[in-house]
Structures are given as C-alpha cells and as structure tokens.
Ligand SMILES: Cc1cc2nc3c(=O)[nH]c(=O)nc-3n(C[C@H](O)[C@H](O)[C@H](O)COP(=O)(O)OP(=O)(O)OC[C@H]3O[C@@H](n4cnc5c(N)ncnc54)[C@H](O)[C@@H]3O)c2cc1C
C-alpha cells in the first residue's frame, strides 16, 4: 500500500470560493493508494503544516500530495516541512488548483471536476516518486578574475581581503586596463594614476593574490565550485624571477614600435613595459618586433642585462589550475572609427583623434608631458571640436547603444582644454547631454560656464581647408548648417566589448548578448551573475560604464564570489538524470544532446573471467554539470537514462490517471 | 485501436486537452494568467516538466491512446531556454510528430506546440482557448 496522504488547501477563500474543497478531499479518499485526505484553511501556515505532520505520524503516511497554489509558490516550503517528518522531502507532489483552477475558472462544478483530475494526476505521480537525497560537491576555495582593469583589480582586492585566494589573469604585460591611460577622472578631476596605481601596488603585494600577466584562458573544464582552467602563459623572454626592472635593456633596444598604450603618439622599444608604473614593473619582449627573435640579429638586451634575465628560448606554456568561482572583467575597447567614418577622413587626418588618444595627450606622464598639441605639427590648438556619439547611438553604424561615459568625459575634455590653453575655444557637437550621476550635472554646468560651446547636432563631414579641419554639421536647434574651422578634433567614440570577450566567456559557459556585451542572469535582479553557476561579471564587459559604476559592480561580483567561497561544499539538486548501466548500449546519442557537457562515455568492464574480458561503453553522468533538463532522456533509444523526479513512468502514470 | 473514437468529444462530453508546460516559461506564464484572474476554458490539464525538451513523443502518443482530444507542448522561446538549447530539440522533434500522428490515424490538428514565456499570460490564455476551439470543431472523426 502506498499510504498516500492528500491535503486540500482552501487558501482562505481563494480556492474554496470556487472549488468545492470537501468534494475534492472526498474524491481523493477514493483514489488507489490514498489512506488519508483532509482539507484546511491555510496549508502553508504554521498550524496547517503541523496538521500535516500530525497526520503523517498518526496515519503512517509515506507520500504526500498537497492540492493548493502553484508548486512554484510553496514546493520548497512543504519540502522543508517534510524534513521534520520521517517522509523523504521528494515524496511530495503538488496539485496546482489555485493558479490553474480557482483563479481561471468560474463555474464551480467544472472547476471542482478539474481539481479532482489534477489531484488524481498528482496521486498517480507521487506513487511512483522515489526518495531522493541532495548530494554535495566540495568547493575549491580560490577565485579566478579574468581581466586586470579597475573592475578586475577591485574584485580581486575585495575577494582577497575577505580571506580567499585569488588569481588575477591579464592578457597584457601589465594590469591597469583603460583607467591607467586616463589623465583626470570626472567628476572630481582627481588624477587617474593617483587613485589606480596604489591599488595596483596593493594587488601585487597582497598575500592572497597571485598576478598572472601576458596570460590567456585556453580551455575550461568543470563547473561551479570546481573549474579546471587551462592557463596559457605567453613567453615573456625575460626571467621575471630575477629581473629587477632596472631598465637598461629598454634604453639600449634599437627598435622603435608605435606605442599602443600611447595610441601611436610615441614609440616604444621591442623590449618594453606597457607604461612606467606597470605592474609587474618588469619588461617583456614583443616577439613580433624583436630583431633577435625575428631575424636572429642584435641581442643587445642580453648583453646589457646585468643579471642575465634575457631568455630568447622562452616559450608559451600551458598548465591547469582549479578555481571555485570566476569573475569575468574583460572590459571594453573603443570602436575602430577609421573603418566606419569615411566622412571624418577615415584616419587620413593626423589631427582627428579619439578620446583615449586625447587622454594620453593631456596626461602629464604621456608622450607630450601633458601639453595638448596637434599630433601633425606639435602646435598648440586654438580651436578644438569635440564630437560625441561617434559610433554610439547609431544603429546605421551597427552600434545602437549609448556608451554612457562620453557625455561626462567630453565635458571633462572641454574643461581640460579651456584650463590648459588660454584663450582656446571649444565646440562640443552632441545629440543629447546625459548626466545621470552624483555631481555630474553640476560638472557639465560648470564646463558650459567655463566657456564650452555646445552645438546640438551630428557632424556630417570633416575635411581639410587651408591647413585647418572644417567640421560641418547641422545645428538642429537653429535649424541651419554650421561650419567650425578647428585645429584639433576629438571623436568621443563608442565603447565596444573587448575583442575575444564572447569567446572567453563561452569557455566558462557564460554568454554574450547580440552586441557582444556579456549577459547577466537577470537585467534587474541578478546583474552580476551569469547563467553559468559560479561565473560573475564585473565592469564594462557587461555594458558601457564609468569608473564609479564599474567599481560598484566589481564589488558586487566579489560579494557573490565570496559568498560561494565561504561554503565548504554546495548542495546539488538530486533531480538530475541517472543511467541504468544494464540497459545502456553506449550509443552516445545522449552525450551529443546534452547542453552542459554533463554526459560522457566510459568503458565498463562487463565481464572478467579467467579467459576473457568483455568491455563496453556506458554513459556516465557528471552530477555537478547536469542541470536536470531531461533532453537526453528523449534521445535515449533503450530508455536507460531517466530523469529523477520526472521519470518516464511518472509522467506516463500522470497521463494515464486522467483517463481512468 | 481506433484512437479517434476513444476521445471524450466522441462520447459527447467536454474535450480534455493535455498540456506539457516547461517549468521555467510556460508554467510560470500559466501561473501569471491565474494571478491576473484571466479566464480560459477548463478543458486543459497541465503536466509540469522541467523543459519542453523533456517531452518524449511517446507521452503524446500515450495521451491520444488513452483518449486525449488534444495535446499541446509549450516551452520557452527559442534562445530563451533555461537549459540553453532544450527547446531546439523540442522544435525538431515536433515537426516530425505531426507526420507520426497522421500515420497513426490521429488528426494532426489535435496537436500543437507553442513558445510561451513566463510573462505571456495572455498568450497562454489565447493559445489554450484557440486549441480548445479547434478541438471542439473537430468533434468526432
Ligand atoms: C576617453 C575615455 C575617458 C574616460 N574618462 C573617464 C572618467 O573621467 N571617469 C570615469 O569614471 N570613467 C571614464 N571612462 C570610462 C572608464 O575608462 C571605464 O569605466 C573603466 O576603465 C572600465 O574598467 P574595466 O575594468 O571594466 O575595463 P578595462 O579597463 O577595459 O579593463 C579590462 C582588462 O581586461 C583585459 N582583458 C580583456 N580581455 C581579456 C581576456 N580575454 N583575457 C584576459 N584579459 C583580458 C584587458 O587587457 C584590460 O586590462 C573613460 C573612458 C574613455 C574611453
């Protein structure tokens, strides 16, 4: 005998006003396997739950059906309740007679008949339920942060300060990201290096943080709590353990390469550090430009190095490490406007630059020591045009989004020009001015008071005339064409996801949206999580942001990672698939269908006699990866793989129950 | 077995339609229809499954064999699947399903699949009402 107990809830009058609950309970009593049925005003309340527990004890009930609201509402409540009884919490089914009956039907007779049907289905299913036990997996207490911009730095520091080990992986030779390229930061105008470089030094000195630079994520296996990451360490050709960063090699290297960090406004040698305050403060060799590595000539750096650090034979290496949690902080890049804007000269005019190039120009430690000059001739510009929304908010250019930081940094740039160049004139072409942030509107206001002229409209064309750059556009407030002759034009271009971010995220099972920004699990309620358990998002990889928002999100992601790492082990749902090895033919159809890579074929030694040994393939389930969708069960030809809690026999019984 | 003759409509009663709804999207959408007190015909009985990809064509044949007048399968929109790709399998499987039903002497108009998200309560109501009307129209074969 199944000894099933059925409990019908009134939900106040929510249910009872439409469904004849007494009739439902009476009908339940007649069902096969049911030994007890009762109804009560509020099953989910304290006394309601107590009543169920008492009935379990008194009548020796072994399986429970509750006819009430949706299982999405109280299934966990009743599971918790069953933990206090002798009944396994998975020997429970809920008949949804509120959302699916009393709230959507008005005729009491019809509604009651349907409620009885739903109870009959639940009773048939519960009779085939199996006791299940949640299992747990151990958690590796170490986090990986991918990307060492301000987002990654903040997340790593927060996790490390909470007492957990963190590895920060950066693909460039130094951490710092875009923020270290900036001069001053809005709205307070504090110097970017002054607030970011101390954090970088904290990082490198932190006992819980290990810094990996010139590294990439090559492959990932595993899942929340246990990600096995294959890390590719690119060759640096400089022994980082003994190098002191004296700089002799950088001085003597004869090669000149355009510096990406300085946006091509200066040169750097082939053995170089990204910028003077780079962390780690040691050079690496750029293998594409080193004469020794490309042509087997030169070798000067090896000769001048007092410690013998140079190792031309260095090679890329790959190794595996395991992490419990992952924070993705891959940041952004600026769009390549030269490929998109022929009307702005497509890069033919040296004095049309983007915002980051301007940051380098105005930066005291930049190539001009902070003098704003024209890249073409080094002259001080008297008239500067700033163009906003270049690429941003322009579906025709394939970038419909607002890049969010540009309105404010354009105001900052205007302010810096007016401050540094006496008598300068600044025109800002804009579509809208967006300043939603603390003290942002005030900052913008001040910039206008300082003398920046805001012109509402897009610039349609930039061309050269008499050595000056003519910016032609429409002033849409006046409704007429305007032309400004400028000495320097700064295009405040669109942020876009960092190259390769989508691919890196995919290795961890996280996805990107149509524009390539990494996808949060819920846009409002789960903004730092991804669909992949244990993988969190920080900073501009998730969408354009300024520094305050980036840092806030990074701390949010860190809090999530800390919460995970604070646990020793994690409960996993037992409602996953299981394989009956005796039935499994090892065909592998299920392996291909699984979206989580949870299934694999393994060799089973079926028989081991004195003369022969028979081996065959069977499917194995990785309990940490299986999410319980059950897609594989349909692909299985022999019916060997089945989903616990939703087994074939349970669903078939539910169907049969409707027509008995 | 003459499946068509076993349906409830054949016996003159109200038709019964079995609906397989995925837990994450359509089941939630149906709950929302309740929360919003939307009204729809009482002919539908929902079986909750984790994913529409869990629905074995065998379940559908079984329902018809037992006397279902109609069967529907509902899941998340393509690209929105809680399990990433489950509903793509659903789509492929149920294109084949219609042919299989016809082969078994069941009018394929008795079977429908639809993507209904957790917020599309009205779509759930409309879909259920529509299938109900179709099935009633088919009556006794
Ligand atoms: C011209 C300009 C001026 C600005 N001025 C201001 C300002 O004044 N105030 C303000 O608040 N904001 C400003 N911003 C915005 C600010 O730059 C960003 O908010 C901030 O730098 C974002 O930090 P992040 O860590 O998210 O990204 P990033 O700084 O881009 O860092 C990402 C890091 O991840 C690394 N990475 C990327 N992909 C991988 C990978 N696959 N594997 C390993 N590593 C990877 C990158 O090399 C990089 O180091 C400005 C932006 C621009 C363009």
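Chains as they are written, first to last, in my numbering: chain S, 1 to 660; chain A, 661 to 801. For every residue, glycine included, the Cβ atom is placed at its ideal position computed from N, Cα and C.
Problem - chain A residues whose Cβ lies nearer than 7 angstroms to that of residue 98 of chain S - result: 694
Practice task
Indicate, with yes or no, if ligand 1 has a heavy atom lying under 6 angstroms from the CB of residue 151 of chain S.
Solution key: yes
Exercise for the section: Quickly, what does DSSP pair residue 285 of chain S with across the bridge? List them, please. Expected result: S:271
Problem - residue 580 of chain S versus residue 604 of chain S: straight-line alpha-carbon distance, rounded - result: 13 angstroms
Handout entry: 7 angstroms Cβ cutoff met for residue 252 of chain S and residue 304 of chain S
Key = yes
Practice task
Compute the Euclidean distance between the alpha carbons of residue 29 of chain S and residue 122 of chain S, then round it to the nearest angstrom.
Solution key: 13 angstroms
Problem - Under 7 angstroms between C-beta atoms of residue 650 of chain S and residue 80 of chain S - result: no
Handout entry: C-beta contact flag for residue 220 of chain S and residue 227 of chain S at 7 angstroms
Key = yes
Handout entry: is_contact[residue 520 of chain S, chain A] using C-beta, thresh 7 angstroms
Key = no
Handout entry: Same chain, Cβ closer than 6 angstroms to residue 680 of chain A, five either side skipped, listed in chain order
Key = 707, 709, 715, 733
Practice task
Compute the Euclidean distance between the alpha carbons of residue 266 of chain S and residue 293 of chain S, then round it to the nearest angstrom.
Solution key: 23 angstroms
Handout entry: Under the three-state DSSP convention, the category residue 570 of chain S falls into
Key = strand
Problem - For residue 369 of chain S, three-class secondary structure by DSSP - result: coil
Exercise for the section: Answer with buried or exposed for residue 763 of chain A, where buried requires no fewer than 16 other C-beta atoms within 10 angstroms of its C-beta. Expected result: exposed
Handout entry: Touch test, the stretch 534-546 of chain S against the stretch 586-596 of chain S, Cβ-Cβ under 8 angstroms, three pairs minimum
Key = no
Practice task
Give, in chain order, every unbroken run of the alpha helix (DSSP H) that is at least 4 residues long and sits entirely within the stretch 59-111 of chain S.
Solution key: 71-83
Exercise for the section: Using a Cβ cut-off of 7 angstroms (strictly closer), state whether residue 652 of chain S contacts chain A. Expected result: yes
Handout entry: Collapsed DSSP secondary structure at residue 522 of chain S in the structure displayed
Key = strand
Exercise for the section: Using DSSP bridges, identify the partner residues of residue 168 of chain S. Expected result: S:145, S:211
Problem - Minimum length 3: unbroken beta strand (DSSP E) runs contained in the stretch 393-475 of chain S - result: 425-430, 453-456, 459-465, 468-475
Practice task
Determine the extent of the alpha helix (DSSP H) in which residue 687 of chain A is found, giving its start and end residues.
Solution key: 686-695
Exercise for the section: Taking only beta-carbon positions, decide if residue 729 of chain A is within less than 7 angstroms of chain S. Expected result: no
Problem - Pairwise C-alpha distance: residue 148 of chain S and residue 174 of chain S - result: 8 angstroms
Problem - Any non-hydrogen atom of ligand 1 closer than 6 angstroms to residue 776 of chain A Cβ - result: no
Exercise for the section: Could you name the residues of the same chain whose beta carbon sits closer than 6 angstroms to that of residue 165 of chain S, not counting the 5 residues immediately before and after it, in chain order? Expected result: 142, 208
Problem - chain A contacts made by the stretch 606-633 of chain S, where a contact means CB separation under 8 angstroms - result: 627, 628, 629, 630, 631, 633
Practice task
Just the chain S side, please: which residues come within less than 7 angstroms of residue 691 of chain A by C-beta, in chain order?
Solution key: 70, 72, 99
Exercise for the section: Scan the stretch 409-421 of chain S for residues whose Cβ lies nearer than 8 angstroms to a Cβ of chain A and list them as they occur along the chain. Expected result: none
Practice task
Report the rounded CA-to-CA distance for residue 448 of chain S versus residue 327 of chain S, giving the unit in angstroms.
Solution key: 40 angstroms
Exercise for the section: Return the CA-CA distance between residue 654 of chain S and residue 719 of chain A, expressed in angstroms with no decimal places. Expected result: 10 angstroms
Exercise for the section: Please confirm whether residue 278 of chain S and residue 749 of chain A have their CB atoms less than 7 angstroms apart. Expected result: no
Problem - Residue-level contact to chain S via CB, residue 764 of chain A, 7 angstroms cutoff - result: no
Practice task
Taking only heavy atoms of ligand 1 into account, decide whether any of them is closer than 6 angstroms to the Cβ of residue 393 of chain S.
Solution key: no
Problem - Nearest neighbour of residue 317 of chain S, chosen from S:119, S:234, S:524, S:261 [CA to CA] - result: S:234
Practice task
Measure from the C-beta of residue 655 of chain S to each C-beta in chain A and report whether the shortest distance is under 7 angstroms.
Solution key: yes
Practice task
Check whether the stretch 428-440 of chain S touches the stretch 453-470 of chain S, taking contact to mean three or more Cβ pairs, one atom from each stretch, closer than 8 angstroms.
Solution key: yes
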